[in-house]
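These notes are about the structure you will find just below.
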Amino acid sequence: VQQALARNLKASKEKEFVPWMVHEIRENFVRVFRPHVVGDFYNERYVRKWIRIVKRSRETEFFTYTRTWAVPDYFDAIVELGRQPNMQLWLSFDRDMAVPPRLKGFRRCYLAADDEDHPPQKVDLVFRDYRRTVMKRAKYRVLVCPYDNGVTNTTCSKCGICWRKADECKCKTASRQVARG
Ligand code: SF4
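Under the working numbering, the first residue of the sequence shown carries the number 7, and numbering increases by one thereafter.
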């Protein structure tokens, strides 16, 4: 796995990364694509490469989670990426971080460390990596990822909360408030 990650990182720095990704996405008729199953955006240049890829792949729905909203150096680039019509960019955080800002077009998700760990305010989704109990809703009635709730037998392809637009998915947690921007 480490070797594959190192290879991906190297590829992402290549000059041909953008056309190569666009070509692969088109050739394989990719309907939904998640950059970064692990990892995150590591600098502004890299975020801007994804903006170009997403813009050139309008038939594909992109989604991913990022903690880089907390990095002032490329906050503007993250906002531009997240506002592409075919990108669902989740602002993620945990108990060791500040709460992400409310931004038009973005949803916020909380990664719980254990069953007693709840988001400090109403957000859009909770993930539970280390779960021992059944929990469909966390504090503030925040929806728990159906895959992580300890009871639902679902898959991401059936659920789709993460990659569907907030007003398309059936989750009642989608933040529709408009604040900054
Ligand atoms: S099951 Fe749904 S909410 Fe959970 S990760 Fe998959 S798409 Fe997202």
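From the three backbone atoms N, C-alpha and C, an ideal C-beta is built for every residue, glycine too.
This structure is a prediction, so every number in the text was calculated from the model and none was measured.
Contact check for residue 156 and residue 143: beta-carbon distance about 12 Å, past the 8 Å limit, so the pair fails to qualify.
For residue 67, the closest of 37, 54, 11 by C-alpha to C-alpha distance is 37. Taking 8 Å as the cut-off, the beta carbon of residue 145 is found closer than this to the beta carbon of residue 125. In terms of side-chain proximity, the C-beta atom of residue 95 is found no nearer than 7 Å to any non-hydrogen atom of the ligand SF4.
Within the same chain, 105, 146 come within 8 Å of residue 127 by CB-CB distance, once the 5 residues on both sides are set aside.
The beta-carbon separation of residue 119 and residue 101, rounded to 6 Å, stays under the 8 Å limit for a contact. Taking every protein chain shown into account, the CB of residue 15 has fewer than 16 other CB atoms within 10 angstroms, so this residue is exposed.
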